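Engineer: Counting with my numbering, you get residues 79 to 234 for the letters of the sequence shown. We put the beta carbon where it would ideally sit given N, CA and C, even for glycine. All values derive from a computational prediction rather than experimental measurement.
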Amino acid sequence: MFDLIQTQQLLQEKQNLLLCFEEVTQNMLHCPTEELESQVQERQQIVHLVDALDEKMCALCKDTPQGQAVLQALKGQCEPDKLPEEVLGIYDDAMRVRAILSRLQESDIQAALRLRVEQERILDQIKATNQGLTAKAARFYSIADQRETPTKFGHA
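1. Report yes if the CB atom of Pro162 is closer than 8 Å to the CB atom of Gln144, and no otherwise.
2. Quick check: the Cα distance between Leu88 and Ala151, rounded to an integer number of angstroms?
3. Which class does Leu161 belong to by DSSP, given the choice of helix, strand or coil?
4. So the candidates are Arg199, Arg181, Cys139, Thr142; which of them puts its Cα closest to the Cα of Glu100?
5. List, from N- to C-terminal side, the alpha helix (DSSP H) runs of 4 residues or more that fit wholly inside the stretch 119–197.
6. By DSSP, does Cys98 sit in helix, in strand, or in coil?
7. Which of the three DSSP states is assigned to Asp202 in this structure?
8. Taking all protein chains shown into account, decide if Ile124 is buried (16 or more other Cβ within 10 angstroms of its Cβ) or exposed.
9. Cα separation between Leu201 and Ser116?
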């Protein structure tokens with residue numbers, strides 16, 4: 079028998095996780111560079127939890143006619159007026175989840191741009207460091223150390 083209440087609870091949990099994901103993504107846009115890596119890792123953990131919830135919901139919906147109707151409601155692949163009345167709540171919750179997902183698309187693009195800007199900034203710092211006088215002197219000394227035969231001045 080299909081468990082409608084458990085499906086609603088899992089969907090609510092998914093909605094809460096997606097709201098957390100949205101919050102972490104927004105934090106990424108303004109946090110210090112040092113915190114970006116932990117924010118990315120936190121987002122990845124949330125993605126794994128959401129994936130696990132999706133698998134549980136699909137497993138609950140398998141092999142029953144009511145479960146198939148719920149699965150269609152979860153995916154937004156049906157008209158709400160054609161759904162059984164007890165499934166309408168799930169449809170409404172699924173539409174709220176879809177609204178969060180659509181907002182996340184824009185936030186995710188902005189977060190990716192922030193990461194790209196930070197990568198370019200770090201690359202510019204590396205290039206500047208490698209072109210400084212200290213870097214040139216270090217390369218000169220490392221080349222001199224690699225010579226096996228002494229120069230006419232000998233080893234100093």
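Structural biologist: Reading from the atomic positions:
1. Their beta carbons are under 8 Å apart, which means Pro162 touches Gln144 by this criterion.
2. 14 Å
3. coil
4. Selected option, being the one with the closest Cα: Arg181.
5. Taking only runs of at least 4 residues, the alpha helix (DSSP H) segments lying wholly in the stretch 119–197 are 143–153.
6. In this structure, Cys98 counts as helix in the three-state DSSP scheme.
7. Of the three classes helix, strand and coil, the one that applies to Asp202 here is helix, per DSSP.
8. buried
9. 20 Å
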